[in-house]
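Q:
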Amino acid sequence: MKIDAISREAPVLVAGPTASGKSALAMELAARD
């Protein structure tokens with residue numbers, strides 16, 4: 594799934610193993626305009 598396809602209105606659960614990039618993805622989602 595592309596980040597642009599994720600709704601800004603719906604909650605998003607970011608889950609995965611340690612060191613898989615969850616924090617980087619969360620920061621990228623939070624920084625979108």
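Heads up: take any position in the sequence shown, counting from 1, add 593, and you land on my numbering.
C-beta atoms are modelled at their ideal positions from N, C-alpha and C, and glycine is treated no differently.
Note that the structure is a prediction, hence the values are computed from the model and not measured.
Determine the DSSP secondary structure at L606, reduced to helix, strand or coil.
A: Correct three-state label for L606: coil.
Q: Helix, strand or coil for A617, going by three-state DSSP, please let me know.
A: In the structure shown, A617 sits in a helix (DSSP, three-state: H, G or I).
Q: In three-state terms, what does DSSP make of A623?
A: Helix at A623.
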